[in-house]
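Only one structure is covered here, and it is reproduced in the block below.
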Ligand code: PMP
């Protein structure tokens, strides 16, 4: 496997991080998770521009000045898929600090960018669309100490999500659902959530959830197909009474939710709107719908 590091393509085992990297100690770094799919034009990254923009927005909010511009990072992201000869991939850009000192300030620290990619041929979401995920409402809250931090895909933001996910698995569930400070639904450990109530799609407002690129894609696909989407406060009771519910994320795609705390959603099977959006999403990512081909960037 080859990794892009600061402008160079290196073999994965040649890429090392010093143990004193400030990112490792304080969780101050930003990253992305994106996918390349096989299209008629070869492997193409889905919504590359949106991911690169979010990486730069995340870095900007926490004051990391990425030493490359957006065009260079997008080109590097495409290059990683090419040099690894992947037809489909999961791609992980990471911006991290160097190890010039162990102090609390980030002044004087170098800033590095690594972009790794992993082969991802199968459609992960399809594994779950028939049965759906069993979700646990987590004791961990999705709370940020400053409202801007929910806009940031920062390494340090993931501590609660990883522990929530781990706790859900330990209890025999597939995924965790995190609530915000007021006990409204925020998001999954690594995905946004949608519910379908009487043919209308609802999703939590972005008070504490990450502004997901798949969330944005689903809102557009639903809208273009005449299905209204409302951004509202949603309680766990709203979710339990919903006809359908699903998670969205670049990695997980569209995943039906079967139950929440063992309470079945609808009849417990993947509902028609979830199935429709899943099909529309797959047509878009694989470049099969001409309306959305500007979302596919060939590698
Ligand atoms: N929320 C969190 C906490 C995530 O980690 C992710 C994955 N990036 C998402 C939502 C979904 O975001 P996207 O659709 O941009 O992948």
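In this note's numbering, the protein residues as written are 96 to 394. For each residue, glycine too, the CB sits at the ideal point set by N, CA and C.
Notebook entry, point to check: Taking just the CA atoms, how far does residue 192 sit from residue 270?
Noted result: Locating residue 270 in the chain shown gives position 175, counting from the first residue. Locating residue 192 in the chain shown gives position 97, counting from the first residue. In a straight line, the C-alpha of residue 270 is about 31 Å away from that of residue 192.
Item checked: Cβ pair residue 201, residue 104 closer than 8 Å -> Here the question's residue 201 lines up with position 106 in the chain shown. Here the question's residue 104 lines up with position 9 in the chain shown. Not closer than 8 Å, so no.
Next item on the list: Would you decide whether residue 120 is buried or exposed? Buried here means 16 or more other CB atoms lie within 10 Å of its CB.
Entry: As a working note, residue 120 is residue 25 in the chain shown. With fewer than 16 other Cβ atoms within 10 Å, it is exposed.
Check: What span of residues does the beta strand (DSSP E) with residue 139 cover, start to end?
Finding: Taking the chain shown and counting its residues from 1, the one referred to as residue 139 is at position 44. Residues 137 to 141.
Next item on the list: Identify whether residue 385 lies in helix, strand or coil by the three-state DSSP scheme.
Entry: Taking the first residue of the chain shown as position 1, residue 385 is located at position 290. In this structure, residue 385 counts as helix in the three-state DSSP scheme.
Checklist line | 7 Å CB neighbourhood of residue 382 in its chain, flanking five on each side removed | finding: Residue 382 sits at position 287 when you count from the first residue of the chain shown. Result list for residue 382: 134, 135, 136, 139, 388 and 391, in chain order.
Note to self: Please tell me whether, using a cut-off of 7 Å, the distance from the CB of residue 303 to the nearest non-hydrogen atom of ligand 1 is below it.
What the structure shows: What you label residue 303 is simply residue 208 of the chain shown in a count that begins at 1. For ligand 1, not one heavy atom lies less than 7 Å from the Cβ of residue 303.
Check: Grouping DSSP H, G and I as helix and E and B as strand, with all else coil, what is residue 409?
Finding: Nothing in the structure corresponds to residue 409, since the chain is present only between 96 and 394.
Notebook entry, point to check: Does the Cβ of residue 169 lie closer than 7 Å to at least one heavy atom of ligand 1?
Noted result: The sequence position of residue 169 within the chain shown is 74, counting from 1. No.
Notebook entry, point to check: Do three or more CB pairs link the segment 325 to 343 to the segment 201 to 213 at distances below 8 Å?
Noted result: no
Check: Count the other CB atoms within 10 Å of the CB of residue 325; is the residue buried (16 or more) or exposed (fewer)?
Finding: The residue given as residue 325 occupies position 230 in the chain shown. Exposed is the call here.
Check: Does the beta-carbon distance from residue 308 to residue 142 come in below 8 Å?
Finding: On the chain shown, position 213 is the one that residue 308 refers to. On the chain shown, position 47 is the one that residue 142 refers to. The answer is yes: Cβ separation under 8 Å.
Notebook entry, point to check: Looking at the structure shown, is residue 222 part of a helix, part of a strand, or coil, going by DSSP?
Noted result: Position 127 of the chain shown, counting from 1, holds the residue named residue 222. Per-residue confidence for residue 222 stands at a pLDDT of 46, beneath the threshold of 50, marking its modelled position as unreliable; no derived number is given.
Notebook entry, point to check: Would the C-beta of residue 277 count as close to ligand 1, meaning under 7 Å from any of its heavy atoms?
Noted result: Residue 277 sits at position 182 when you count from the first residue of the chain shown. It does not: the Cβ of residue 277 is nowhere closer than 7 Å to a heavy atom of ligand 1.
Check: Of the residues 230, 208 and 316, which one's Cα is nearest the Cα of residue 274?
Finding: Your numbering for residue 274 matches position 179 in the chain shown. Here the closest residue by C-alpha is 230.
Check: How many whole angstroms separate the CB atoms of residue 128 and residue 187, which I take to be in contact at a CB cut-off of 8 Å?
Finding: Mapped onto the chain shown, residue 128 falls at position 33. Mapped onto the chain shown, residue 187 falls at position 92. Residue 128 to residue 187, Cβ: 6 Å. Contact.
Check: By how many angstroms is the C-alpha of residue 279 removed from the C-alpha of residue 366?
Finding: The residue labelled residue 366 in the question sits at position 271 within the chain shown. The residue labelled residue 279 in the question sits at position 184 within the chain shown. Going by the C-alpha atoms only, they are around 23 Å apart.
Item checked: 8 Å Cβ shell around residue 330 - same chain, five flanking residues per side excluded -> In the chain shown, counting from the first residue as 1, residue 330 sits at position 235. The answer, listed in chain order, is 278, 279 and 280.
Next item on the list: Could you tell me which uninterrupted beta strand (DSSP E) segments, each at least 3 residues in length, are contained entirely in the segment 136 to 205, listed from first to last along the chain?
Entry: 137 to 141 and 184 to 192
Next item on the list: Please confirm if the segment 253 to 265 is in contact with the segment 294 to 311, defined as three or more CB-CB distances below 8 Å between the two stretches.
Entry: no
Note to self: Taking the beta carbon of residue 158 as the centre, do at least 16 other beta carbons fall within 10 Å, making it buried, or is it exposed?
What the structure shows: The residue given as residue 158 occupies position 63 in the chain shown. The residue is exposed, with fewer than 16 neighbouring Cβ atoms inside 10 Å.
Next item on the list: Return the CA-CA distance between residue 320 and residue 183, expressed in angstroms with no decimal places.
Entry: Taking the first residue of the chain shown as 1, we reach residue 320 at position 225. Taking the first residue of the chain shown as 1, we reach residue 183 at position 88. Going from the Cα of residue 320 to the Cα of residue 183 covers about 27 Å.
Notebook entry, point to check: Should residue 340 and residue 295 be called a contact, given that it needs their Cβ atoms to be closer than 8 Å?
Noted result: As a position in the chain shown, residue 340 is number 245, starting the count at 1. As a position in the chain shown, residue 295 is number 200, starting the count at 1. Cβ distance not < 8 Å, so residue 340 and residue 295 don't count as in contact.
Next item on the list: To the nearest angstrom, report how far apart residue 226 and residue 351 are at their CA atoms.
Entry: Taking the first residue of the chain shown as position 1, residue 226 is located at position 131. Taking the first residue of the chain shown as position 1, residue 351 is located at position 256. In a straight line, the C-alpha of residue 226 is about 8 Å away from that of residue 351.
Check: Just the Cα atoms here: how many angstroms apart are residue 374 and residue 288?
Finding: The count along the chain shown starts at 1 and reaches residue 374 at position 279. The count along the chain shown starts at 1 and reaches residue 288 at position 193. Straight-line Cα distance between these residues: approximately 18 Å.
Next item on the list: Give a single yes or no on whether residue 343 has its beta carbon closer than 7 Å to a heavy atom of ligand 1.
Entry: Numbered from 1 along the chain shown, position 248 holds the residue referred to as residue 343. Yes, Cβ of residue 343 sits closer than 7 Å to a heavy atom of ligand 1.
Notebook entry, point to check: Hey, residue 298 and residue 379 are a contact pair by Cβ (cut 8 Å); roughly how many whole angstroms apart?
Noted result: As a working mapping, residue 298 is identified with position 203 in the chain shown. As a working mapping, residue 379 is identified with position 284 in the chain shown. No, residue 298 and residue 379 are not in contact; Cβ-Cβ is about 18 Å, not under 8 Å.
Checklist line | Buried versus exposed call for residue 316 [16 or more other C-beta atoms within 10 Å across all chains shown] | finding: Within the chain shown, numbered from 1, the residue matching residue 316 stands at position 221. By the 10 Å Cβ count, residue 316 comes out buried.
Margin query: Let me check one thing: in DSSP terms, what residues is residue 344 bridge-paired to?
Written below: Residue mapping note: residue 344 aligns to position 249 of the chain shown, counting from 1. Answer is 348, bridged to residue 344.
Notebook entry, point to check: So the beta strand (DSSP E) residue 393 belongs to, where does it begin and stop?
Noted result: Here the question's residue 393 lines up with position 298 in the chain shown. Here the beta strand (DSSP E) through residue 393 covers 391 to 393.
Checklist line | When 272, 132, 394 and 125 are compared against residue 161, the one with the closest alpha-carbon | finding: Residue mapping note: residue 161 aligns to position 66 of the chain shown, counting from 1. Nearest C-alpha to residue 161: 125.
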